[in-house]
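Enquirer:
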Amino acid sequence: MFKFLALFLFSSSIFAVVYEGDSGGIFALPVSSEYISNDYLLFEIDGKSYVIAGMPYVLEEKVIKIDDKEIKVLPVNYGESRITIENDSLVNPSSSDQERAAKERKLLQSALTKKSNFILSDLRFLRPVEGAVTSGFGKKRFINDLPRAPHLALDLDGFDGDPIVAPLDAKVVLVDNFFYSGNIIVLDHGSNVFTSYSHMSKSHRAVGDFVKKGDLIGEIGSTGRVTGPHLHWVIYMNGNRINPEIVLNKDFPMNLLADYQDVPANLPQSEE
C-alpha cells in the first residue's frame, strides 16, 4: 500500500510517495533495474523491478528503509488465542529445559542466516497440508492464561501421519527435535526466503537434501508443546516472520502490485 503526499510550502509544492506496510505483511517496492541485493526477493514484470519484502511484526508504528525508500510499518490487530496445556513442564520449563531451548534458538537462527546463493523464481506457494487453519498469524498468545510470545505462524489442522509437502523447491538446512517445536525441519528456498515445519511425527528428509515443490518432507504429529496433532508453519522473508496466508492467495504475488497500476510514470517535480 502507498499514498501520495502533496505538501504545499508557500510558493513551492513538493510531491512525495509515502509507503505503508502491515505488520507481518509482504510489501512490493519498486526499485531500479540495477538494484542488487542478497537480502531481498527480487521480482520483475513488464520491464519493471520490485523488491518483495517481508514486514516485521510490530506493536507500534516503525519506519524501515529499503534501497533509498522508507516504509512505515503499521501495527495490525490480529486478535488473541488462548490454549490450555496440561503438562506444566512445557508451560513452566525447568532451568535445564530453558537452557536447551536457548541453544535450539541459536541453532535455528544459525540455519536462517546461512543464506544460499540460489534465486527463488517460482512464487506460487503450495499449501503444505490440506487441513484448515486452526490458529492464525499474529495472535496474542495466552497459555494457561499466562501471556506468551505472539503466534507468528499458521497452524494447520491434520491427523497423525498426514503428509507435509514442500511448498516450493528448496534445500533442507535443519532437521532436529526441539523442546517447544518438537520434530522440526527448515527449508531454504533461496533469495532469503525460508520456511519451517514443527510438531511433526516424522521427517522424511536430511540436512543437505534438495526437494522439489510438492515433494514429501514429513508427517503431521504432536511432538513438542502442543494440544494435538497439527502443522505449525512459519515463513521467514528477509529475516521477518510473515503471515503465510498471504502467499496462499491465488493471486499472489500479482495482487501486491495492484496499487501501482495507476502510478504515473514520472512523479511531478518540485515547483519553484
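Position 172, counted from 1, in the sequence shown is what the numbering used here calls 172; the numbers after and before it change by one each time, with no gaps.
Where a beta carbon is used, it is the ideal one built from N, C-alpha and C, also for glycine.
These numbers come from a predicted model, not from an experiment.
1) Over what stretch of residues does the beta strand (DSSP E) that includes residue 176 continue unbroken?
2) Relative to the C-alpha of residue 54, which candidate in 64, 45 and 166 has its C-alpha closest?
3) So if DSSP puts residue 231 in a beta bridge, which residue, or which two residues, is it bridged to?
4) Would you decide whether residue 273 is buried or exposed? Buried here means 16 or more other CB atoms lie within 10 Å of its CB.
5) Are residue 216 and residue 167 close, meaning C-beta to C-beta below 7 Å?
6) Based on Cα-Cα distance, which residue from 142, 131, 152 and 136 lies nearest to residue 158?
7) Residue 106 to residue 151, Cα distance in whole Å?
8) What does DSSP give as the partner residue(s) for residue 195 in the beta ladder?
9) Report all residues from its chain with a CB closer than 6 Å to the CB of residue 226; omit the five preceding and five following residues, and keep chain order.
10) Looking at the strands, I want to know which residues DSSP matches up with residue 151.
11) Sorted by chain position, which residues of the same chain lie with C-beta nearer than 6 Å to residue 169's C-beta, five sequence neighbours on each side aside?
12) Let me make sure I understand the geometry here. Which of 153, 250, 193 and 209 has the alpha-carbon closest to that of residue 234?
13) If you draw a straight line from the alpha carbon of residue 90 to that of residue 125, how long is it in whole angstroms?
14) For residue 22, does the count of other Cβ atoms within 10 angstroms reach 16, so buried, or fall short, so exposed?
15) One question on the structure: do residue 41 and residue 201 come within less than 7 Å of each other, judged by their Cβ atoms?
16) For residue 210, which option in 112, 188 and 243 has the closest C-alpha, if you only look at C-alpha atoms?
17) Taking only the alpha-carbon atoms, compute the straight-line gap between residue 196 and residue 248 and give it to the nearest angstrom.
18) On the three-pair Cβ rule with 8 Å, is the segment 176 to 183 touching the segment 127 to 145?
19) Quick one: any contact between the segment 57 to 76 and the segment 110 to 129, if contact means 3 or more CB pairs under 8 Å?
20) Could you check the C-alpha separation between residue 221 and residue 161 for me, to the nearest Å?
21) Is residue 111 buried or exposed, if buried means 16 or more other CB atoms sit within 10 Å of its CB?
22) Look at the Cβ atom of residue 139, then the Cβ atom of residue 78, and state whether they are nearer than 7 Å.
23) Can you name, in chain order, every residue of its own chain whose Cβ lies under 6 Å from the Cβ of residue 97, other than the five neighbours on each side?
24) When the Cα of residue 83 is compared with those of 218, 135, 51 and 240, which residue comes out closest?
25) I need the boundaries of the alpha helix (DSSP H) containing residue 127, first residue and last residue.
26) From 18, 208, 183 and 253, pick the residue whose C-alpha is nearest to that of residue 230; which is it?
27) Looking only at C-alpha atoms, which of 114, 165 and 44 sits nearest to residue 208?
28) What does the alpha-carbon distance come out to for the pair residue 228 and residue 36?
29) What ranges does the beta strand (DSSP E) occupy inside the segment 10 to 70, keeping only unbroken runs of at least 3 residues that lie completely in it?
Expert: Judging by the given coordinates:
1) Reading the sequence shown from its first residue, position 176 is the one you call residue 176. That run of the beta strand (DSSP E) goes 170 to 178.
2) Position 54 of the sequence shown, counted from the first residue, corresponds to residue 54. Nearest C-alpha to residue 54: 64.
3) Locating residue 231 in the sequence shown gives position 231, where the first residue counts as 1. Per DSSP, 156.
4) Beyond the ends of the chain as shown, which are 1 and 272, falls residue 273; an answer cannot be given.
5) Along the sequence shown, read from residue 1 onward, the residue named residue 216 stands at position 216. Along the sequence shown, read from residue 1 onward, the residue named residue 167 stands at position 167. Their beta carbons are not under 7 Å apart, which means residue 216 does not touch residue 167 by this criterion.
6) Position 158 of the sequence shown holds residue 158. Per the Cα distances, 131.
7) The sequence position of residue 106 within the sequence shown is 106, counting from 1. The sequence position of residue 151 within the sequence shown is 151, counting from 1. One C-alpha to the other measures close to 19 Å.
8) Indexing the sequence shown from 1 puts residue 195 at position 195. For residue 195, which the question treats as bridged, DSSP gives the partners 187 and 235.
9) Residue mapping note: residue 226 aligns to position 226 of the sequence shown, counting from 1. Around residue 226: 199.
10) The sequence position of residue 151 within the sequence shown is 151, counting from 1. According to DSSP, residue 151 bridges with 139.
11) On the sequence shown, residue 169 is found 169 positions in, with the first residue counted as 1. Excluding residues within five positions, the ones whose Cβ falls inside 6 Å are 212 and 213.
12) As a first step, residue 234 must be located in the sequence shown, where it is residue number 234. For residue 234, the nearest C-alpha among the options comes from 153.
13) Along the sequence shown, one-based indexing puts residue 90 at 90. Along the sequence shown, one-based indexing puts residue 125 at 125. Spanning the two alpha carbons is a distance of roughly 33 Å.
14) Residue 22 sits at position 22 when you count from the first residue of the sequence shown. Classification for residue 22: buried.
15) Reading the sequence shown from its first residue, position 41 is the one you call residue 41. Reading the sequence shown from its first residue, position 201 is the one you call residue 201. No; because the gap between Cβ atoms is not below 7 Å, this pair is not in contact.
16) Mapped onto the sequence shown, residue 210 falls at position 210. Of 112, 188 and 243, the residue nearest in Cα terms is 188.
17) In the sequence shown, the residue the question calls residue 196 occupies position 196. In the sequence shown, the residue the question calls residue 248 occupies position 248. Residue 196 and residue 248: Cα-Cα distance of roughly 16 Å.
18) no
19) no
20) Position 221 of the sequence shown, counting from 1, holds the residue named residue 221. Position 161 of the sequence shown, counting from 1, holds the residue named residue 161. Going by the C-alpha atoms only, they are around 7 Å apart.
21) Sequence index remark: in the sequence shown, residue 111 carries index 111 (1-based). Result: buried.
22) In the sequence shown, counting from the first residue as 1, residue 139 sits at position 139. In the sequence shown, counting from the first residue as 1, residue 78 sits at position 78. For residue 139 and residue 78, yes; Cβs fall inside 7 Å.
23) What you label residue 97 is simply residue 97 of the sequence shown in a count that begins at 1. These residues qualify, in order along the chain: 179.
24) By one-based count along the sequence shown, residue 83 stands at place 83. Comparing Cα-Cα distances from residue 83 to each of 218, 135, 51 and 240, the minimum goes to 135.
25) Stepping through the sequence shown from its first residue, residue 127 is reached at position 127. Looking at the DSSP string, residue 127 is not in any alpha helix (DSSP H), and its letter there is neither H nor E.
26) Here the question's residue 230 lines up with position 230 in the sequence shown. Per the Cα distances, 183.
27) In the sequence shown, the residue the question calls residue 208 occupies position 208. Here the closest residue by C-alpha is 114.
28) For the purposes of this step, residue 228 is taken as the residue at position 228 of the sequence shown. For the purposes of this step, residue 36 is taken as the residue at position 36 of the sequence shown. Going by the C-alpha atoms only, they are around 44 Å apart.
29) 12 to 22, 26 to 31, 41 to 45, 48 to 54 and 62 to 66
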